Amino acid sequence: MSRILTTFASLSPAARVLVLNSLAFNFGFYLLVPYLAGHLSGTLGLAGWAVGLVLGIRVFSQQGLFLFGGLLGDRIGYRRAILIGCLVRCVGFALLGFSESLTILLVAACISGFAGALFTPCAQAYLADECQDATLRKQAFALQNMASTAGMLLGPLAGLGLIGIDFAVSGSVAAGMFLLMTLVQWRFLPIKELVSGEQPVTMLRQCLDMLRQRAFLRFALLAAAYPLLFHPLYLAIPAYSHAHGGGQAWITRVFVVTALLGVLLQMPVSALRQRWLNEGQGMGLGLALMAASYGVLAEPIAGLLNPQWAVLLMAALLSLGSLLVLPLLSAHVPYYAQRGQMAAYYGFFAGVGGLVALFSNVLIGRLLPANQAPPQLLWWALLCIGTAAACGLWRHMARLPLNKEQP
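The working numbering puts the first residue of the sequence shown at 100, with every later residue one more than the last.
#1: Taking Val432 as the reference, give the member of Phe107, Gly169, Leu154 and Leu130 with the closest Cα.
#2: Does DSSP put Pro500 in a helix, in a strand, or in coil?
#3: From Leu403 to Leu419, what does the alpha carbon distance come to, in whole angstroms?
#4: Can you give me the Cβ contacts of Leu481 inside the same chain, cut-off strictly under 7 Å, excluding the 5 residues immediately before and after it?
#5: If we count Cβ pairs, one from each stretch, closer than 8 Å, do we get three or more for the segment 263 to 274 versus the segment 124 to 144?
#6: How close, in whole Å, do the beta carbons of Gln305 and Ala443 come, if the pair is a contact with beta carbons under 8 Å?
#7: Say whether the segment 117 to 137 touches the segment 248 to 257, bearing in mind that this needs 3 or more beta-carbon pairs closer than 8 Å, one atom from each stretch.
#8: Taking the C-alpha atoms as reference points, what is the distance between Leu316 and Ala323?
#9: Whether or not the segment 201 to 220 and the segment 151 to 162 are in contact is what I'm after, with contact meaning three or more pairs of Cβ atoms, one per stretch, closer than 8 Å; do they touch?
#10: Per DSSP, what kind of secondary structure is Leu104 in: helix, strand or coil?
#11: Which residues in the same chain have their Cβ closer than 6 Å to the Cβ of Pro473, if we skip the five residues on either side of it in sequence?
#12: Compute the distance between the beta-carbons of Gln312 and Tyr435, then report whether it is under 8 Å.
#13: Taking Cβ positions, are Gly453 and Pro326 nearer each other than 8 Å?
#14: In the DSSP assignment, find the unbroken alpha helix (DSSP H) run with Ser247 in it and report its ends.
#15: Buried or exposed: where does Gly464 fall if 16 or more other Cβ atoms within 10 Å of its Cβ makes it buried?
#16: How is the alpha helix (DSSP H) around Ser140 delimited, first residue to last?
#17: What are the boundary residues of the alpha helix (DSSP H) that His341 is part of?
#18: Tell me the rounded alpha-carbon separation between Leu76 and Gln347.
#19: From Gly231 to Trp408, what does the alpha carbon distance come to, in whole angstroms?
#20: If we count the other Cβ atoms within 10 Å of its Cβ and call it buried at 16 or more, is Pro426 buried or exposed?
#21: If you draw a straight line from the alpha carbon of Val187 to that of Pro399, how long is it in whole angstroms?
#22: Would you report the Cα separation of Ile203 and Leu194, rounded to the nearest angstrom?
#23: Expressed to the nearest angstrom, what Euclidean distance is found between the alpha-carbon atoms of Glu504 and Pro289?
#24: Hey, could you find the ends of the alpha helix (DSSP H) Arg311 is sitting in?
#25: For Gly446, which residues of its own chain have a beta-carbon under 6 Å away from its beta-carbon, when the five flanking residues on both sides are left out?
#26: Evaluate Cys483 with the Cβ neighbour count: other Cβ atoms within 10 Å of its Cβ, from every protein chain shown; 16 or more gives buried, anything less gives exposed.
#27: To which residues of the same chain is Ala358 closer than 7 Å at the C-beta, ignoring the five residues directly before and after it?
#28: Comparing C-alpha positions only, which one of Leu171, Ser200, Gln161 and Asp228 sits nearest to Leu117?
#29: With distances taken between CB atoms, is the gap from Gly254 to Leu130 smaller than 8 Å?
Right, here's the structure in full:
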């Protein structure tokens, strides 16, 4: 705890607010969104296709617009983009909580997703800009990841209590959280524009410049293995749990394990990485651990373990790998970007990962048989893809000029 407080105190006031934002954003998000499908199908009685459409529009409007949100943030300023994004999500979540019309629900899902596409890359770019020192930047992103995980743990617990009253209450509290964070950031984030004033470039030129950077494209594609490996927690692991009779109880334990490890071990893991491993080794080992976690569910290892312990061990390995690699990935993006254009790079980076996660989820969903355990092919595919990406990322970092800690 003392290490956490010392690191937090070493950050600038703006960086501290941005770290706390991650806790509040995820708390508000996970207070509402995990229970949205049940509300749409149960309380409102919408058909399955309509529920899928609302959820899909929310995901697509966020994942598909990350780049646009980053480009816009570079032009209007990170602070202003974050404030607008928070206000837009406040409206979107309030509509999701109170609306019973499919049309309005689709609009609410769309603007809620766009809000995330706007403030997520801009908050990351702002935090990176505040931490010019390489070591401090990595520590700041580690703190941000820990705060995000805490929000993922606390949000669903609060939401579980609120939906027992009424889903509109959940929507109101989630919207209120984003309204509160709008006021906090308006008060405490410095009034400064981070847009480069040297040679303004068009959005098209900025996109073309990013596409010409082969090193950045290679990094973004290899790093997309992270969401590809993490998102099966929401799809394949529940299928595994139900097939082995664990039901919702096992799923709950999986998320509690991942969240608790994230909160308790993020800073110690980051400190050990800094002492023993360089960036490339840390990224490679982190992805390798995430890939190896799926090997626990594959034969012959799965046959040696009780299914419940196997899925919990898998969750622990996945979480440890995530703690190692995610802050390093986030802190490395500015290596490729010019100052004043970082939000676009963060938006592109997040967009690539989001689209890979979206399409991989569709493919995994098609591989999952009804009421049966996921096929062994899935676990072996995740293991092989993750291991290949880990080796590729390790090699990519080793080939960068001077192989130095990033500025």
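Even glycine gets a Cβ: it sits at the ideal position worked out from N, Cα and C.
Since the model is a prediction, treat every value here as computed from it, not as a measurement.
In brief:
#1: Gly169
#2: helix
#3: 22 Å
#4: Leu328, Pro331, Ala390 and Tyr393
#5: yes
#6: 5 Å
#7: yes
#8: 11 Å
#9: yes
#10: helix
#11: Ala335, Ala338, Tyr339 and Leu467
#12: yes
#13: yes
#14: Ala233 to Ile262
#15: exposed
#16: That residue, Ser140, is in no alpha helix (DSSP H); it is neither H nor E in DSSP.
#17: Ala335 to Ala342
#18: As shown, the chain starts at 100 and ends at 506. That puts residue 76 outside it, with no answer to give.
#19: Note on identity: in this sequence residue 231 is Gln, with Gly being the wrong assignment. If you take the alpha carbons of Gln231 and Trp408, they lie about 43 Å apart.
#20: buried
#21: 50 Å
#22: 7 Å
#23: Low per-residue confidence applies at Glu504: pLDDT is 43, beneath 50, and the placement is therefore not dependable, though the value from the model is reported in the following sentence. When rounded, the distance between both Cα atoms is 28 Å.
#24: Met302 to Arg311
#25: Phe165, Leu166, Gly168, Gly169 and Pro220
#26: exposed
#27: Thr248, Met251 and Leu252
#28: Asp228
#29: yes
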